[in-house]
Amino acid sequence: MHGPGDVRVEQRDDPEIAAPTDVVIRLAATCVCGSDLWPYRGIEPVRRPSPMGHEYAGIVEEAGSEVRSVKPGDFVIGSFMASDGTCEICQAGYQSRCAHVEPVGANGAQAEYLRVPLADGTLVATHGQPDPALIPSLLAASDVLGTGWFGAVAADVRPGKTVAVVGDGAVGLLAVLAARELGAERIIAMSRHEPRQKLALEFGATDIVTERGDDGVARIKEMTGGYGAHSVIEAVGTQESMMQAIRSTRPGGYVGYVGVAHDVQLPGDELFFAEVHLLGGPAPVRRFLPDLISRIEDRSIGPGKVFDLTLPLDQAADGYRAMDERRAIKTLLRP
Ligand SMILES: [Zn+2]
């Protein structure tokens, strides 16, 4: 990305093993993230031309001398945050805030090859070579599925509970899927876009609410006997969506917030009296990967449906544009 709205596909040097704990993978698929739209729209500054992309699935091409858990030829998926897997934070399941964390996206996953640091703590191999039809779903596990799943876990989704999801991007839609898998009884998707409503229903939403802001909150209250939802997942990252999530949650309930926050300010006195649990942040996707990969391999979930546009890598700029204009939910890029 050279600047807002300016995505170019250029020849860069192939990545090489830089540390003995690195691997280089050949990407089977990569994609454009909703968070890539923040710099694309100029909301995050682009100070210099930057490699883009942090979602990846592919085959290990080369492994550093200290890598033990994967080997050349393995099909692997990893998180957008590389983690050592051994520090106290990783051991507690918060690998995205590992004491030695490295953002994989700095190396640019929208590419043919990618260097992944801390391979043993970051990557998970599939059970044998996957059916090519499963690759979009495996790629989704790298971020949007793992992030939606964390949102649902952070929001304490459980059997019998009522869950509301704020945000109908890929993460919000997959939070709906996660809530269904975790046994929620009622899942309210907040969306005003018909194709996204359809996918939300397919992923397990039981109700659609088109109102937003205060009206959206009022609808959720009305649908829950005046109480608010037990669990609310926030998957946007704006002031409005965060307040909508907190206000839609009943006292004692849980908010899982996974939309990357942009200038969100929480009013302390309202928060005090809201009496809700708050947990969020960059999702520790690595915690969930083994389970998510198994669910995809046995075809109990199909998160790859969020990719409604597939383009060759050299048309990446069109993929960004389609998402920016909301013509596509999520663009898969084939290297
Ligand atoms: Zn760690």
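Residue numbers are given in our numbering: position 230 of the sequence shown equals residue 230, and the series is strictly consecutive.
All residues carry an ideal CB built from backbone N, CA and C; glycine is no exception.
Only a predicted model underlies this, so the values are computations on that prediction, with no experimental measurement involved.
**OP:** May I ask you to list the residues that DSSP assigns as paired with ASP207?
**Re:** ILE188
**OP:** Evaluate contact between the segment 168 to 182 and the segment 301 to 317, counting only Cβ atoms and requiring at least three cross-stretch pairs below 8 Å.
**Re:** yes
Original post:
Taking just the CA atoms, how far does ILE293 sit from PRO49?
Top reply: 34 Å
Original post:
Alpha carbon to alpha carbon, what distance is there between THR86 and CYS98?
Top reply: 9 Å
Subject >> Residue of ARG327, PRO117, PRO4 minimising C-alpha distance to GLU194 >> reply: ARG327
Original post:
Would you say the segment 311 to 324 touches the segment 30 to 41, given that touching needs at least three Cβ pairs under 8 Å?
Top reply: yes
**OP:** Pull up the CB-CB distance for SER79 and GLY128, whole angstroms please, since I reckon it's below 8 Å.
**Re:** Contact doesn't hold; Cβ gap of about 21 Å is too wide.
Original post:
Name the DSSP beta bridge partners of ARG334, please?
Top reply: PRO312
Original post:
Which of the three DSSP states, helix, strand or coil, is assigned to ALA63?
Top reply: strand
Subject >> For ASP6, the three-state DSSP class (helix, strand or coil) >> reply: strand
Subject >> Neighbourhood of ASP308 by C-beta distance below 8 Å, restricted to the same chain and skipping five residues each side >> reply: PRO195, ALA328, ILE329, LYS330
Subject >> Distance between LEU266 and PRO290 (C-alpha atoms, nearest Å) >> reply: 35 Å
**OP:** Can you tell me which of the three DSSP states PRO103 falls into?
**Re:** strand
Original post:
ALA140 lies in the alpha helix (DSSP H); which residues open and close that run?
Top reply: 135 to 141
Subject >> Range of the contiguous alpha helix (DSSP H) that encloses GLU297 >> reply: 285 to 297
Original post:
In its own chain, which residues sit with a C-beta less than 8 Å from the C-beta of GLY108, not counting the 5 before and 5 after it?
Top reply: ARG12, SER50, PRO51, MET52, GLY53, LEU114
Subject >> LEU95 burial status per 10 Å Cβ neighbour count (16 or more: buried) >> reply: Here the sequence assigns Gln to residue 95, which means Leu is not the residue at that position. Its Cβ being crowded by 16 or more others within 10 Å, GLN95 is buried.
**OP:** For ASP120, verify whether its CB is less than 7 Å away from any heavy atom of ligand 1.
**Re:** no
**OP:** Kindly examine ligand 1 and report whether one of its heavy atoms sits closer than 7 Å to the Cβ of SER79.
**Re:** no
Original post:
Is it the case that the Cβ atoms of GLY121 and ASP156 are separated by a distance below 8 Å?
Top reply: no
Original post:
SER231 and VAL166: beta carbons closer than 8 Å?
Top reply: no
Subject >> Validate contact between the segment 249 to 259 and the segment 216 to 229 using beta carbons, cut 8 Å, 3 pairs >> reply: yes
Original post:
Do the segment 64 to 74 and the segment 270 to 278 touch if we need at least three Cβ pairs shorter than 8 Å?
Top reply: no
Original post:
Do LYS161 and GLU181 come within 8 Å of each other at the CB atom, strictly closer than that value?
Top reply: no
**OP:** Could you check the C-alpha separation between GLY350 and TYR257 for me, to the nearest Å?
**Re:** No answer is possible for residue 350: the residues shown for the chain start at 1 and end at 335.
Original post:
Would you report the Cα separation of ALA154 and GLU55, rounded to the nearest angstrom?
Top reply: 22 Å
Original post:
Going straight from the alpha carbon of VAL124 to that of VAL255, what length do you get?
Top reply: 29 Å
Original post:
Quick one: Cα of ALA92 to Cα of VAL101, how far?
Top reply: 14 Å
**OP:** Examine ligand 1 and report whether any of its heavy atoms sits within less than 7 Å of the Cβ of SER338.
**Re:** This structure cannot speak to residue 338, because the chain is shown only from 1 to 335.
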